[in-house]
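> From first to last, the protein sequence lines are chains A, B and C.
Residues 4 to 217 in the working numbering are what the first sequence spells out, letter by letter.
Residues 8 to 137 in the working numbering are what the second sequence spells out, letter by letter.
Residues 3 to 147 in the working numbering are what the third sequence spells out, letter by letter.
A virtual CB, placed ideally from N, CA and C, is assigned to each residue, including glycine.
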Amino acid sequence: MAKTKGIADLESRIARMEEILSVAACGDFSVQIEIDIEKADALTAIETGINLLISDMGDEVHESTKKAEELEEKLALIGQQRKAIEELSTPIIKIWDRVLVLPLIGTLDTRRSQRLTEALLTDIATTQIKVAILDITGVATVDSAVANHLMKTVAAVQLLGASCVITGIRPEVAQTIVHLGVDLSGVETLSTLAEGLKWAFGRLHIRMVEERKV
Amino acid sequence: MIVVPIKEESDIVHARAAAKDVARKLGFGLVDQTRISTAVSELARNIYLYAGEGEVHIEEHPDSHRGIRVTFIDNGPGIDDVELALKDGWSSTKAMGKGLPGAKRLTDHMEINTQPGHGTTVTIEKWLAQ
Amino acid sequence: MLENTPIPILKLKDFLLVSIQIDLHDRMAQQLQQDILERISQTQAKGVLIDISALEMVDSFMGRTLADTARMASTLDAEIVIVGMQPAVAITLVELGLPLGGVRTAINLDEGYELLQESLKEKASEKQGIEEESEEEEADDSGSD
C-alpha cells in the first residue's frame with residue numbers, strides 16, 4: 004500500500020514538473036515548483052534545478068526585453084537627430100551681396116528637396132537675391148530622381164527672376180548623369196563652388212582684379 | 008462642407024478661392040495652399056470646359072490623415088480613356104492638357120470615377136504633414 | 003461687370019507697365035493679352051513689365067496666357083518681363099509642369115526695367131553691328147573697283 008502511495012506521489016510530482024515546464028515554455032517565468040524541504044529526496048534535486056533554471060531564464064528574458072526597448076529608444080533618437088542634422092546641414096549662406104549659396108549635404112528625397120526649395124525661394128524673394136548657387140559636393144548620390152529635384156529647384160529659382168547654377172559636380176556624378184540619360188542642358192553647371200562664384204560675379208558685372216605689388 | 012456650383016467661368020475663381028480659404032483654416036502652409044487652389048482651378052476648369060456645369064465640394068478630410076478633400080462632380084460626357092487623360096500634354100480640346108496630370112502632381116491622392124456618357128467625379132486629397 | 007474691369011496699361015518711355023492686382027478669370031486674362039498687344043502696336047513699345055506680385059496663384063491657363071503673350075509680343079518686337087512672382091506660385095508652376103519656357107522674369111520692377119534696357123542696348127548694338135558690317139562690305143566693294 005505504502006509503496007503504491009509512494010509511486011502515486013512520485014507520479015503527481017513528475018506531472019507537476021511537466022506542468023511547470025510547459026508554463027515556462029509559454030513565457031511565464033514567475034512559476035516555481037513547491038518543494039517540501041523536510042521530505043527532501045532524489046527528486047528534490049531535480050525540482051530545485053528546474054526552479055533555478057526557470058528563474059534564470061526569467062531574468063534573461065527580462066534583461067533582453069529591456070535591451071530591446073533601449074535599442075528602440077536609441078533608434079528613435081537617431082531618427083530625430085538625423086532630421087535635426089538635415090535641417091542644420093542646409094544653411095543658406097549669403098556669400099556676396101545678392102549671391103546665395105546652398106550647400107547640399109546628404110541625401111535628397113522629395114520631401115527634403117521641397118523643403119529646401121521653399122526655404123531658398125523665400126530667402127531669394129525677401130532679400131532680393133540675384134544669383135543662387137546650389138553646391139552638390141556633399142550629395143552622396145545623384146540619380147535621376149535627385150537630378151529631377153535639382154532641375155525643379157533651378158526652374159523655380161529662375162521663375163522668380165534670379166539666376167541659378169549647380170556647382171560641385173564630381174567626375175563620377177558627371178558620369179552617372181550621362182549614363183542615366185539625364186538632360187541637364189537647360190541648367191548651368193560648373194565643377195567647383197569657386198567657378199560658381201566667378202560666374203555669379205559675371206552676372207553681377209563685378210570684375211575681380213588682382214592687386215600687384217610694386 | 009462648402010459647395011461651389013460651376014456654371015460660369017468666374018465660378019472657377021470662386022472655387023479656387025474657397026478651397027484656398029478652407030486649406031488655410033485647416034492649417035496648411037502657404038505653398039500647400041497654393042498647390043491646392045491651383046489643382047482646384049485646373050479641375051473646376053475641366054468641369055466648365057467639358058461638362059458645361061457641375062459642382063465642387065470642399066471639405067475637411069473625414070479620417071485620420073487629416074487634410075482637405077475636394078470633389079468635382081459633373082454630368083458631362085465622361086472620360087473615355089482615363090489613363091490617356093492622365094498623360095502629360097494630352098487634351099481632348101485645345102486646352103493645355105495640364106489639367107488632370109497637373110492636379111495629380113500637386114495633390115497626395117486622386118481618384119477618378121467616370122463612365123462615358125454618365126459624367127465624371129474626381130476626388131483629390133491633400134494631407135497635412137504629420 | 004467683373005470681366006470688363008480694365009487692368010491699366012501704363013506707358014513709361016519705351017516701355018509699358020501692367021500690374022495685375024486681382025485674381026483673373028480666363029476671359030479676363032485673354033482680354034488682357036489682347037489689350038497688351040494692342041497697346042504695344044499703338045505705342046511701338048519695346049518692352050512690357052508685367053507685375054504679378056499680387057497674384058496668389060497662376061494655374062496652367064494663366065501661365066500659358068502669359069507665355070503666349072510674351073511670344074506674341076516678341077513678334078511685335080517687344081520683350082515681356084514677368085516681375086515679382088511669389089515663391090509659392092513659382093514652386094506650384096514647376097510642379098504643375100509649366101515652367102513658362104522662355105519667358106524672362108525679374109525679382110522686382112527695378113530689375114525688370116534694367117533687364118529691358120540691357121536688351122534694348124543689345125539690340126541696338128546688334129543693329130549697329132549689322133550696319134557697320136554692310137558699310138564695310140560697301141567699302142570693300144568700292145575698293146575692289
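Quick check on the DSSP output: the alpha helix (DSSP H) that includes A58(B) runs from which residue to which?
Counting along the chain, A58(B) falls outside any alpha helix (DSSP H), and DSSP gives it neither H nor E.
> L167(A) bridges to which residues according to DSSP?
Strictly speaking, residue 167(A) in this sequence is Cys, with Leu absent from that position. Partner(s): A135(A).
> Jot down the residue ranges of each uninterrupted beta strand (DSSP E) in the stretch 12-75 of chain B, minimum 3 residues, whole runs only, in chain order.
You should have 61-67.
> Can you tell me where the alpha helix (DSSP H) holding A72(C) begins and where it ends?
62-77 is the extent of the alpha helix (DSSP H) around A72(C).
> Could you name the residues of the same chain whose beta carbon sits closer than 6 Å to that of G145(C), not counting the 5 residues immediately before and after it, in chain order?
Model confidence at G145(C) stands at a pLDDT of 44, short of 50, so the residue's coordinates are unreliable; what they give is reported in the following sentence. Nothing meets the Cβ criterion.
> Using beta carbons (cut-off 8 Å, strictly below), is L119(A) in contact with chain C?
False, the Cβ-Cβ gap to chain C never drops below 8 Å.
> A159(A): which of E121(A), D112(A), E76(A), I36(A) sits nearest, CA to CA?
A159(A) has its Cα closest to that of E121(A), out of E121(A), D112(A), E76(A), I36(A).
> Tell me which residues share the same chain as D146(A) and place their Cβ nearer than 8 Å to its Cβ, disregarding the 5 neighbours each side in the sequence.
T179, L183, listed in sequence order.
> Could you check which residue in L14(C), M64(C), M59(C) has the C-alpha nearest to that of L34(C)?
Nearest option by C-alpha distance: M64(C).
> DSSP on I84(C), reduced to helix/strand/coil?
Residue state, collapsed to three classes: strand.
> In whole angstroms, give me the CA-to-CA distance for M103(B) and R66(C).
For M103(B), the predicted structure reports a pLDDT of 46, less than 50, and the residue's modelled location is therefore unreliable. A value from the coordinates is still provided. Each residue's alpha carbon lies about 8 Å from the other.
> Starting from S21(C) and walking both ways along the alpha helix (DSSP H), at which residues does that stretch end?
No alpha helix (DSSP H) holds S21(C); the beta strand (DSSP E) holding it covers 17-21.
> Given this structure, state the Cα-to-Cα distance separating T100(B) from P94(A), to the nearest angstrom.
With a pLDDT of 47 at T100(B), under the threshold of 50, the predicted position of this residue should be treated as unreliable, and no value is reported.
> So A135(A) and C167(A) are supposed to be a Cβ contact under 8 Å. How far apart are they, rounded?
Contact holds; Cβ gap of about 5 Å.
> What's the gap between the Cα of K77(A) and the Cα of Q83(A)?
If I take the Cα positions, the gap works out to 10 Å.
> Check whether the stretch 126-137 of chain B touches the stretch 123-133 of chain C, counting contact only when three or more Cβ pairs, one atom from each stretch, lie closer than 8 Å.
No: fewer than three Cβ pairs fall under 8 Å.
> To which residues of the same chain is G61(B) closer than 6 Å at the C-beta, ignoring the five residues directly before and after it?
I13, I54, I80, D81, listed in sequence order.
> According to DSSP, is K101(B) helix, strand or coil?
Confidence at K101(B) is low in this model, with a pLDDT of 43, below 50, so its placement is unreliable and no value can be given for it.
> So, for L100(C): in the same chain, excluding its five sequence neighbours on each side, which residues have a beta-carbon less than 6 Å away from its beta-carbon?
So the qualifying residues of the chain are S62, G65.
> Looking at the strands, I want to know which residues DSSP matches up with R106(C).
Per DSSP, V83(C).
> Taking just the CA atoms, how far does T68(A) sit from A48(A)?
When rounded, the distance between both Cα atoms is 30 Å.
> Can you tell me whether DSSP reads T129(A) as helix, strand or coil?
Looking at T129(A) - three-state DSSP - the assignment turns out to be helix.
> Name the DSSP beta bridge partners of T105(A), please?
With the sequence shown as reference, residue 105(A) is identified as Leu, and Thr is not the correct amino acid for it. Its beta-bridge partners are L137(A).
> Any idea what DSSP makes of A94(B), helix, strand or coil?
The sequence as given places Lys at residue 94(B); Ala does not occur at that position. Here K94(B) sits in coil by DSSP.
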